[in-house]
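Notes follow once the structure below has been shown.
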Amino acid sequence: MRKRPVLSAFASTLAVGLLLRRLRRLPADVVTPRYPDFAPADFPGELFEVKTGDGLTLRGKRYRNEGATPVMLIAGFLGNGFNFDIAFERSNFALYLARRGYDVWVCNFRGTGREPYKSDAGDFSHYIQDICIHDLGALVREVMKETGRRPVLMAHSLGGVVCYGYLQGVKYDEDDRAKRLVSDPDLARERNEGVAAVVSLAGPASFYWPKDSKYYWLAGSLPARLVLRASRALLARLSERKYQVPMETSIIELVSRAPRLAPAALTIGYHFFANLKNFNREMLLEAAISGLSDVSVRELYQLVNALLTRDLIASPVGRGDTPDARHNLSIHMHLVSAPILFVAAELDAVHPAVLYRDGFERVSSDTKEFKCFTGYGHMDLIHGLEAGSTVFPCVADWLEKVVRGKPEERKDDGFVKAFDERG
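Each residue of the sequence shown is one higher than the last, beginning at 926 in the working numbering.
Structure (structure tokens):
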């Protein structure tokens, strides 16, 4: 009986020793981020700023093509504009679209980005719906005002959810009793008419998984759901103090203080969100250093709550199970009527079949298309090593069919001015 603890301790010590030996063999060069010096000669990025209705300044980068169709690039949860604008020309989605003739606006929601394109954060008390209402609404109005044209909304992951909410006419309805989230069909119609098209890149319409998916066991099985319930309760408590999730500083400190450990740790994390065959070490580090940003604990709470309800439920913290507080974005997908392309990835947690069922089939768009890329995961779909020769051309070709990005073919018909005046 005494041998077992001794053997267990010996095995643990041996494993730690082997791990440390492996880490010592890894290169320990100081990692220098590439994004501050990334400035393509043909498209020097321009800083733009936008004021939100609640007083924050959002910042982003513009690759200007005067007179062309504007494309707004919108990142997902924990991300920022550098997800589309990674400092490798071969895998830079923003630059690819600019060179195809589009006026590209790389957007950063509140609290995200990197200087000089980092947006104001406020006090990190915001919900996902606040980004739909305040941030995206302000950005769309600014792009329309500046260009005189309807923009394309191109969004990745939870950025797609923000676009769904915006196009569903989400707004706050306040009365004497409460402040509730509702979808206004008239506002939804106006917002859909105000965009040229939508491209949803792995933007989930729900959180269902078939039982043969590995993600079912991570989020749909009974043990996983017990963990999620405990996490939701903890996040509800934390959100009372308006905590932020400090992803940016955590990643930068990891890379700078543990250069041997960082690639291994990031490889483990990215394993669930990418096909690592579509990354190399340098790209993996750059993607993390430039492309990960802070979020609010309330946003994280809503995401965990959505994993439990399996639908996109937007509700205040602590009221996720209260029927009168719920607003279900999944069941309002029919309010999305703009031309839309759904792009899915075979290996993604956003299951292609579920996205087709709950997204593509539910929207009421007359022009819609679904494309699934084999061999891709969640993040490499937008900046993987081969994305520039597969995903990017497919999306750009669809846009040319739908919005015809030539300036002489799409004139402002007065709608843009009227939309901006309505605010």
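The beta-carbon is built from N, C-alpha and C at its ideal position, and this holds for glycine as well.
All of these numbers come straight from a predicted model, not from anything done at the bench.
Quickly, what does DSSP pair Asn1253 with across the bridge? List them, please. Ile1238
Once the 5 residues before and after Ile1176 are set aside, which same chain residues still bring their CB inside 7 Å of it? Ala1213, Ile1214 and Leu1217
Residue of Ser1125, Leu1147, Tyr1042 and Asp1109 minimising C-alpha distance to Val1086: Ser1125
Let me know if Glu974 comes out buried or exposed under the rule of 16 or more other beta-carbons within 10 Å of its beta-carbon. exposed
Here's the rule I'm using: 16 or more other beta-carbon atoms within 10 Å means buried, otherwise exposed. How should Thr994 be labelled? buried
Can you grab the Cα-Cα spacing for the pair Met1208 / Phe1013, in whole Å? 8 Å
Under the three-state DSSP convention, the category Trp1030 falls into: strand
Taking the straight line between their C-alpha atoms, what separation do you get for Gly1245 and Lys1104? Interpretation of Gly1245 is limited by its pLDDT of 49, a score under 50 that renders its predicted location unreliable; no figure is taken from the coordinates.
Can you grab the Cα-Cα spacing for the pair Phe1132 / Ala1144, in whole Å? 9 Å
Anticipated Cβ contact below 8 Å, Leu1233 with Arg1150, distance rounded: 7 Å
Residues bridged to Tyr960 (per DSSP): DSSP output for Tyr960 lists no bridge partner at all.
Straight-line CA distance for Ala1023 to Ala1321? 10 Å
So, for Ser1050: in the same chain, excluding its five sequence neighbours on each side, which residues have a beta-carbon less than 6 Å away from its beta-carbon? Lys1167
Would you kindly work out how many angstroms separate the C-alpha atoms of Thr1192 and Leu1179, rounded to a whole number? 13 Å
To which residues of the same chain is Asn1203 closer than 8 Å at the C-beta, ignoring the five residues directly before and after it? Gly1300, Tyr1301, Gly1302, Asp1305, Gly1309, Leu1310, Glu1311 and Ala1312
To the nearest angstrom, how far is the alpha carbon of Asp1273 from that of Pro1135? 13 Å
Can you give me the C-alpha to C-alpha distance between Leu1324 and Thr1315, rounded to a whole angstrom? 15 Å
In angstroms with no decimal places, state the Cα-to-Cα distance between Asp1111 and Gly1094. 7 Å
State yes or no: is the C-beta of Trp1030 within less than 8 Å of the C-beta of Gly985? yes
Could you pull out every residue in the same chain whose Cβ sits closer than 8 Å to the Cβ of Glu1211, ignoring the five residues on either side in sequence? Pro958, Arg959, Tyr960, Ile1011, Ala1012 and Phe1013
Thinking Gly1090 and Cys1057 are a contact (beta carbons under 8 Å), I'd like their distance in whole angstroms, please. 4 Å
Within its chain, find whatever has a CB closer than 7 Å to the CB of Phe1007; leave out the 5 residues flanking it on each side and keep chain order. Tyr960, Arg1039, Ser1215 and Gly1216
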